[in-house]
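Worksheet: one structure, shown below.
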Amino acid sequence: MLEEELRKEKICQNEVEKEISSMELKMAEVRKCKVSAGTAQRNEVQQSQKAIRTLEYRLDRALTRFNEQLNNNSHLREELQTLQIERARFQQLKNRLEKELHNLRKKIGEVVTQSTAAYDARVEAQSKMTMMKEKAEKDLTQYNAEMKELERVIAHEFSLKEFMTTKCSEKRGHDEGHETGHRQSPKVQRRMDSGEESRDALEEVFEKIKTVTGEDNLDLLVSRFIQVEDRNFALFNFVNEQNNEAEVLRDQISQIQSEIEQFGETALQQEREHQCLLRGFDEKRKEIEYQAEDYEQRASILSQILDQIKTEVNSIVSKIDCDRSVIEDKLGSSAGISENNIMSYLGLVEQKTNELLTIQAFLNSKDLEKDYNPKDLAKFLLGQNPELLQQNISIQPAIDSLEYDESPVTDEEERPLSQGELRRRIMKRVQQKESSHRQAAAKATKI
């Protein structure tokens, strides 16, 4: 009995030892597995931390470049706003110069029309003056011929009148002598004797007149003489009227000649004034054309700058993977970046930049190894790199070899500018660019 129990006890003891040995083997295997798993886990953690550090380093470099690009973007935006202001001013100036050029051409056309009309009036006046001179000469010649003929007739009639008057007076004296013959003195008698001689002379003259005229009636001769006398008087009045008219014509001719001379002097003076005006208009036109060429050259330069800005903005949009469909749906076209929608694309770039900066700030806040600084986080969210802000940055925009003054970015420029300060800064930039354009144009003309 005891032996059986002892044997059973040994058998149980052997089984327990086997179980213990098997358990020890299992424990050893478990320990080996735990050691290998811990080593692998540590290696995996180290590799993950190394990969995280590598990715964070790459992200820092990418954010650095992105911040630099944002800085360039802000300067490009300022440059674009300045160029848009300059473009608006240039467009206004161009419209004003085109209006002045149109008015100048209109004035030149009016002056040319007036000059042509004045020249035509001058030619017409000269032709009229020539015709009036010829007519006056013909009238004067005809008048002189008529005057000579009238003077000859008047002289003949006047001599005939004197002769008839003398004869009539002698006849009346002879008749009166017969009636008072007895009361006359010897002196009167002598006159009567001479009257008888005159009577003989009158009879002889009467015979001659009768022979010439073929008329025997003395009364008829006297009536004819009276008629001739009246006609001579009428002719005399006509001659006087002709003399008066000739005098008036001479006065008119002299007045017309003086007016012609005065008109010629006035026409010459007007022609000189028109020539002076034309020279002034020509000089002003050349000056306006020179200004127009200058502004066209500046417009081409600004257009090239704007094209470069659009190219850079397009490159930035592509690099930061902006969603163009938002702007394309809003504008209703996919024509790309243009002058009208460039501000929309810049707004999209700014929105994407803010998102990336928010992600960067979130990643920096999760990194426990880095120091957490709320100011740096705020600067990241505002698009500013703390490392870059510690440096003194000076940007020189290289725009088609145009010279600009360097304007270092200081701490004062980080604050918001007032409207007056912004206007003064823009006007200063515009004046600098205009002076550089003038210098470039002067150098080009000298060359």
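Each residue of the sequence shown is one higher than the one before, starting from 1 at the first, in UniProt numbering. Glycine included, each C-beta is placed from N, C-alpha and C at the ideal position.
Return the CA-CA distance between N43 and K50, expressed in angstroms with no decimal places. The residue given as residue 43 occupies position 43 in the sequence shown. The residue given as residue 50 occupies position 50 in the sequence shown. N43 and K50: Cα-Cα distance of roughly 10 Å.
Taking the alpha-carbon of N71 as reference, which of A442, T353, N232, K433 has the nearest alpha-carbon? Position 71 of the sequence shown, counted from the start, is the residue given in the question as residue 71. Nearest C-alpha to N71 among A442, T353, N232, K433: T353.
Reference E328, options T311, I320, K310, L348, closest by Cα: The sequence position of residue 328 within the sequence shown is 328, counting from 1. Of the candidates T311, I320, K310, L348, the one whose C-alpha sits nearest the C-alpha of E328 is L348.
Rounded to the nearest angstrom, how far is the Cβ of L363 from that of L59, given a contact under 8 Å? The residue you call residue 363 lines up with position 363 of the sequence shown. The residue you call residue 59 lines up with position 59 of the sequence shown. Taking C-beta atoms under 8 Å as the contact rule, L363 and L59 qualify, at a distance of about 7 Å.
Confirm, please, whether the CB-CB distance from A292 to F90 is below 9 Å. As a working mapping, residue 90 is identified with position 90 in the sequence shown. As a working mapping, residue 292 is identified with position 292 in the sequence shown. For F90 and A292, no; Cβs fall outside 9 Å.
Closest to A118 by C-alpha separation, out of S318, R272, I301, would be which residue? Stepping through the sequence shown from its first residue, residue 118 is reached at position 118. The shortest CA-to-CA distance from A118 to any of S318, R272, I301 is the one to R272.
Count the other CB atoms, across all protein chains shown, that sit within 10 Å of the CB of I429; report buried if there are 16 or more and exposed otherwise. Position 429 of the sequence shown, counted from the first residue, corresponds to residue 429. What sits at residue 429 in the sequence shown is Arg, not Ile. When all chains shown are included, R429 counts as buried.
Please check the pair I253 and M129, which I expect to be a contact at CB under 8 Å, by giving their CB distance rounded to whole angstroms. By 1-based counting over the sequence shown, the position of residue 253 is 253. By 1-based counting over the sequence shown, the position of residue 129 is 129. In fact, because the Cβ distance is near 10 Å, the residues do not count as touching under 8 Å.
With distance defined between alpha-carbon atoms, name the residue in E15, R122, H156, D294 nearest to residue 451. The shown model of the chain, from 1 to 447, leaves out residue 451, and the question about it has no answer.
Can A125 and L249 be called in contact, C-beta distance under 9 Å? Start at 1 with the first residue of the sequence shown, and residue 125 comes out as number 125. Start at 1 with the first residue of the sequence shown, and residue 249 comes out as number 249. No, they are not a contact pair.
Would you mind stating whether Q360 and L76 have Cβ atoms separated by less than 9 Å? Locating residue 360 in the sequence shown gives position 360, counting from the first residue. Locating residue 76 in the sequence shown gives position 76, counting from the first residue. No.
So for C33, helix, strand or coil by DSSP? Here residue 33 refers to the residue found at position 33 when the sequence shown is read from its first residue. The answer is helix: DSSP assigns C33 an H, G or I state.
Please give me, in chain order, every unbroken run of the beta strand (DSSP E) with length at least 3 that falls completely inside the segment 225-291. Counting whole runs of 3 or more residues, the segment 225-291 contains no beta strand (DSSP E) stretch at all.
For I309, I'd like the list of residues in its chain whose CB is within less than 8 Å of its CB, leaving aside the five on either flank, ordered along the chain. Mapped onto the sequence shown, residue 309 falls at position 309. Answer for I309: L76, E79, L80, L83, I342, listed in chain order.
Where does K99 land, buried or exposed, given buried means 16+ other C-beta within 10 angstroms? In the sequence shown, the residue the question calls residue 99 occupies position 99. Classification of K99: exposed, given that the 10 Å Cβ count is below 16.
Under the three-state DSSP convention, the category I320 falls into: Working through the sequence shown from its first residue, we reach residue 320 at position 320. Three-state DSSP puts I320 in coil, outside helix and strand.
Rounded to whole angstroms, what is the Cα-Cα separation between L25 and K8? If you number the sequence shown from 1, residue 25 lands on position 25. If you number the sequence shown from 1, residue 8 lands on position 8. Distance from the CA atom of L25 to the CA atom of K8, rounded to whole angstroms, is 25 Å.
Please report the distance separating the alpha-carbon of I108 from that of E247. As a first step, residue 108 must be located in the sequence shown, where it is residue number 108. As a first step, residue 247 must be located in the sequence shown, where it is residue number 247. Each residue's Cα considered, the two are about 47 Å apart.
Short Cβ contact (9 Å threshold) for M132 with I256: Position 132 of the sequence shown, counting from 1, holds the residue named residue 132. Position 256 of the sequence shown, counting from 1, holds the residue named residue 256. Against a cut-off of 9 Å, the Cβ pair of I256 and M132 comes out as a contact.
Closest by CA to F281, which one among S258, E110, S315? In the sequence shown, counting from the first residue as 1, residue 281 sits at position 281. Among S258, E110, S315, the Cα nearest to that of F281 is on E110.
For D216, which of helix, strand or coil comes out of DSSP? To locate residue 216, count along the sequence shown from 1; it is residue 216. If DSSP states are grouped into helix, strand and coil, D216 belongs with coil.
F163: buried (16+ other C-beta within 10 angstroms of its C-beta) or exposed? Taking the first residue of the sequence shown as 1, we reach residue 163 at position 163. By the neighbour-count definition (other C-beta atoms within 10 Å, threshold 16), F163 is an exposed residue.
Taking 9 Å as the cut-off, decide whether the C-beta atoms of E86 and K433 are in contact. The count along the sequence shown starts at 1 and reaches residue 86 at position 86. The count along the sequence shown starts at 1 and reaches residue 433 at position 433. In contact: E86 and K433 (Cβ atoms closer than 9 Å).
C-alpha distance - E241 paired with L104, whole-angstrom precision: Looking up residue 241 in the sequence shown gives position 241. Looking up residue 104 in the sequence shown gives position 104. One C-alpha to the other measures close to 59 Å.
Return helix, strand or coil for N341, following the three-state DSSP convention. The residue labelled residue 341 in the question sits at position 341 within the sequence shown. Coil at N341, not helix or strand.
Span separating the alpha-carbon of S325 from that of I337: Taking the first residue of the sequence shown as 1, we reach residue 325 at position 325. Taking the first residue of the sequence shown as 1, we reach residue 337 at position 337. Across the structure, S325 and I337 are spaced so that their CA atoms are roughly 13 Å apart.
Mind reading off the beta-carbon distance from I288 to L101? Whole number of angstroms is fine, and I expect it under 8 Å. Against the sequence shown, residue 288 aligns to sequence position 288. Against the sequence shown, residue 101 aligns to sequence position 101. Indeed, because the Cβ distance is near 5 Å, the residues count as touching under 8 Å.
May I ask you to report which of helix, strand or coil DSSP gives G347? Reading the sequence shown from its first residue, position 347 is the one you call residue 347. Secondary structure of G347 (DSSP, three-state): helix.
Going straight from the alpha carbon of K210 to that of E134, what length do you get? To locate residue 210, count along the sequence shown from 1; it is residue 210. To locate residue 134, count along the sequence shown from 1; it is residue 134. If I take the Cα positions, the gap works out to 49 Å.
For G109, does the three-state DSSP call read helix, strand or coil? Stepping through the sequence shown from its first residue, residue 109 is reached at position 109. Assignment of G109 by DSSP, reduced to helix, strand and coil, places it in the helix class.
Expressed to the nearest angstrom, what Euclidean distance is found between the alpha-carbon atoms of E355 and S344? Residue 355 sits at position 355 when you count from the first residue of the sequence shown. Residue 344 sits at position 344 when you count from the first residue of the sequence shown. Taking C-alpha positions only, E355 is separated from S344 by approximately 17 Å.
So N232 packs on E157, CB below 8 Å; how close in whole Å? Numbered from its first residue, the sequence shown carries residue 232 at position 232. Numbered from its first residue, the sequence shown carries residue 157 at position 157. Separation of the CB atoms of N232 and E157 is rounded to 4 Å, and the pair is thereby assigned contact status at 8 Å.
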